[in-house]
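Peer 1: Mind having a look at this structure? Questions to follow.
Residue numbers (this note's numbering): 11 to 318.
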């Protein structure tokens, strides 16, 4: 089994990614780390613990960064429209949510310590802003040679963005962190909107979850229908939602789900194009960018693995 650490800002597609990762027979989830992004970091930690409880998975959760590197308050306006004010389609109020209080920042030391404990064995998967990863690299640059691989859900190198026409949400949330990470010697595979917008989970599939007696399946059906409703609001007739974060998990499980091209990728920090990911003319290639995806094979595997 492949050892992974999954870094999340748990909204709806993060929840789906957590289900995919923890139910996979190919992955050994050593722990989950949290950050701000879709919600404040405290809420991301709460949501992550709640989802693990719903899935009946006993996996440790470590809280990470509460704001971007520039120390400004997290920008949550768009995310709240997509994921709801609580990050989980405003469904938590129906549950008696009991979670364990966590110490902000402990995620960084957990990642560093785990990578050093299992040299060249751990794959790091980041599906939120890259603040935690930037801090890991700042504190322990040797991680670049000790980690097996780093998979990042983020960016839109060859296609338009989502939170802005030029920028994808995770990168836009902390472009300074993304720039440091992408222009480092870390072994990055970028799973961005270039491929994730092709991976639409249909409402028909979600209806199957509604028909089971499992509390988890009904909860996931409710939050995913909310997510699909948002997609329908800006693209009527789309019929599904993009499996952004789950595709990063899919890339860890089976690299052949996607095809990549080596690029040198950088991030704009100027106000007009803030958060834009672009290919530079540098000959040194720092990132493997996913440009094609075997959509149906990935979707089939995702549905069969989560098996609600």
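In this text, a Cβ means the ideal position worked out from N, Cα and C, and glycines have one as well.
For the candidate residues 208, 235, 68, whose alpha-carbon lies nearest to that of residue 268?
Peer 2: Reading the chain shown from its first residue, position 258 is the one you call residue 268. Out of 208, 235, 68, 208 has the C-alpha closest to the C-alpha of residue 268.
Peer 1: Quick check for students: name the residue ranges of the alpha helix (DSSP H) that lie wholly in the stretch 189-232, counting only runs of 4 or more.
Peer 2: 203-206, 213-220
Peer 1: Pairs of beta-carbons, one from the stretch 268-286 and one from the stretch 223-236, closer than 8 angstroms: are there three or more?
Peer 2: no
Peer 1: Note the first and the last residue of the continuous alpha helix (DSSP H) segment covering residue 321.
Peer 2: Outside the modelled stretch of the chain, which goes from 11 to 318, sits residue 321, for which no answer is possible.
Peer 1: Mapping the DSSP letters down to three states, classify residue 102 as helix, strand or coil.
Peer 2: Indexing the chain shown from 1 puts residue 102 at position 92. Correct three-state label for residue 102: helix.
Peer 1: Would you tell me roughly how many angstroms separate the C-alpha atoms of residue 63 and residue 162, rounded to the nearest one?
Peer 2: Locating residue 63 in the chain shown gives position 53, where the first residue counts as 1. Locating residue 162 in the chain shown gives position 152, where the first residue counts as 1. One C-alpha to the other measures close to 25 angstroms.
Peer 1: Can you name, in chain order, every residue of its own chain whose Cβ lies under 7 angstroms from the Cβ of residue 94, other than the five neighbours on each side?
Peer 2: On the chain shown, position 84 is the one that residue 94 refers to. The residues are 100, 236.
Peer 1: Helix or strand or just coil, what does DSSP make of residue 85?
Peer 2: As a working note, residue 85 is residue 75 in the chain shown. DSSP places residue 85 in coil when its eight states are reduced to three.
Peer 1: According to DSSP, is residue 298 part of a helix, a strand, or is it coil?
Peer 2: Stepping through the chain shown from its first residue, residue 298 is reached at position 288. In the structure shown, residue 298 sits in a strand (DSSP, three-state: E or B).
Peer 1: With burial defined as no fewer than 16 other Cβ atoms inside 10 Å of the residue's Cβ, what is the status of residue 292: buried or exposed?
Peer 2: Along the chain shown, read from residue 1 onward, the residue named residue 292 stands at position 282. Classification of residue 292: exposed, given that the 10 Å Cβ count is below 16.
Peer 1: Below 8 angstroms, can you find three or more Cβ-Cβ pairs linking the stretch 152-170 to the stretch 128-137?
Peer 2: yes
Peer 1: Go ahead and label residue 290 buried or exposed: buried means 16 or more other beta carbons lie within 10 angstroms of its beta carbon, across all protein chains shown.
Peer 2: Sequence index remark: in the chain shown, residue 290 carries index 280 (1-based). With fewer than 16 other Cβ atoms within 10 Å, it is exposed.
Peer 1: For the beta strand (DSSP E) holding residue 12, just list the boundary residues, first then last.
Peer 2: As a position in the chain shown, residue 12 is number 2, starting the count at 1. Element bounds for residue 12: 12-18.
Peer 1: Among the candidates 18, 273, 33, whose CA atom is the shortest distance from the CA of residue 142?
Peer 2: Residue mapping note: residue 142 aligns to position 132 of the chain shown, counting from 1. Comparing Cα-Cα distances from residue 142 to each of 18, 273, 33, the minimum goes to 18.
Peer 1: Who are the Cβ neighbours of residue 45 in its own chain at under 7 angstroms, not counting the five residues just before and after it?
Peer 2: What you label residue 45 is simply residue 35 of the chain shown in a count that begins at 1. Closer than 7 angstroms at the Cβ level, and outside the excluded window around residue 45, lie 17, 19, 51, 54, 74, 75, 138, 139, 141, 142.
Peer 1: Give the DSSP-derived three-state secondary structure of residue 135 in the structure shown.
Peer 2: Numbered from 1 along the chain shown, position 125 holds the residue referred to as residue 135. Looking at residue 135 - three-state DSSP - the assignment turns out to be strand.
Peer 1: Could you please give the first and the last residue of the uninterrupted beta strand (DSSP E) stretch that includes residue 159?
Peer 2: Here the question's residue 159 lines up with position 149 in the chain shown. It spans 159-163 - the beta strand (DSSP E) in which residue 159 sits, taken as one unbroken run.
Peer 1: Could you name the residues that DSSP lists as bridge partners for residue 41?
Peer 2: As a position in the chain shown, residue 41 is number 31, starting the count at 1. DSSP, once it has assigned bridges, lists 15 as partnering residue 41.
Peer 1: Pick out whichever of 317, 310, 299 has its Cα sitting closest to the Cα of residue 160.
Peer 2: The count along the chain shown starts at 1 and reaches residue 160 at position 150. The shortest Cα separation from residue 160 among 317, 310, 299 belongs to 299.
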